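Participant:
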Amino acid sequence: MPGVQGVAMAVMVGREDGAPNFALRQFRVESGGHTPRHSHDYEHEVFIVDGAGTVLLEGRENPVRAGDVIYVPADHEHQFRAGDRGLRFLCLVPMSRNCGDPTPGS
3 MPGVQGVAMA VMVGREDGAP NFALRQFRVE SGGHTPRHSH DYEHEVFIVD GAGTVLLEGR
63 ENPVRAGDVI YVPADHEHQF RAGDRGLRFL CLVPMSRNCG DPTPGS
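Numbering (the working numbering), first residue to last: 3 to 108.
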């Protein structure tokens with residue numbers, strides 16, 4: 003997919019697990035990798051599990067590291083970029099949208 007570099011995504015909890023309302027996804031971004039710059043018509047919440055990098059949100063690039071929590075409002079362009087050690091994060095999204103097979107890095 004254009005705009006994605008070094009990103010792997012896995013659904014940790016989703017419809018197949020019987021979760022009717024939310025999906026929990028894990029993303030691994032390689033050192034120097036990044037998700038696409040994109041937006042959604044739904045919010046999502048992100049927890050940085052490991053590593054460090056930056057998040058572009060609301061036109062600003064901010065540092066992120068393990069333990070940080072990021073709220074991404076609906077319709078806000080965002081992008082995650084990994085630092086030297088890579089970046090691993092969890093992302094919670096509503097199941098009311100077709101999020102079971104999301105755009106990598108979304």
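Just so it is clear, CB atoms sit at the ideal spot from N, CA and C, and this is done for glycine as well.
Note that the coordinates shown come from a computational prediction; the quantities given were computed from them, not determined experimentally.
1. Threshold first: 3 residues or longer. Then list the beta strand (DSSP E) segments lying entirely within the segment 45 to 97, N to C.
2. Identify every residue that forms a DSSP beta bridge with residue 10.
3. Counting only the same chain and skipping the five closest in sequence on each side, list residues whose C-beta sits under 7 Å from that of residue 35.
4. Please classify residue 78: is it buried, with 16 or more other beta-carbons within 10 angstroms of its beta-carbon, or exposed?
5. Please report the straight-line C-alpha distance between residue 50 and residue 91, rounded to a whole angstrom.
6. Just the C-alpha distance for residue 62 and residue 19, rounded to the nearest angstrom, thanks.
7. Check whether the segment 65 to 81 touches the segment 35 to 49, taking contact to mean three or more Cβ pairs, one atom from each stretch, closer than 8 Å.
8. So which of 87, 16, 80 and 60 has the shortest CA-CA distance to residue 30?
Facilitator: Looking at the atomic coordinates:
1. 46 to 59, 62 to 67, 71 to 74 and 80 to 96
2. Locating residue 10 in the sequence shown gives position 8, counting from the first residue. Per DSSP, 30.
3. Within the sequence shown, the letter at position 33 stands for residue 35. Closer than 7 Å at Cβ, skipping near neighbours: 7, 8, 9 and 84.
4. Translated into the one-based positions of the sequence shown, residue 78 becomes position 76. So residue 78 counts as exposed.
5. Stepping through the sequence shown from its first residue, residue 50 is reached at position 48. Stepping through the sequence shown from its first residue, residue 91 is reached at position 89. Taking the straight line from one Cα to the other gives about 4 Å.
6. Here the question's residue 62 lines up with position 60 in the sequence shown. Here the question's residue 19 lines up with position 17 in the sequence shown. Those two C-alpha atoms are separated by around 36 Å.
7. yes
8. On the sequence shown, position 28 is the one that residue 30 refers to. Measuring from the Cα of residue 30, the nearest candidate turns out to be 87.
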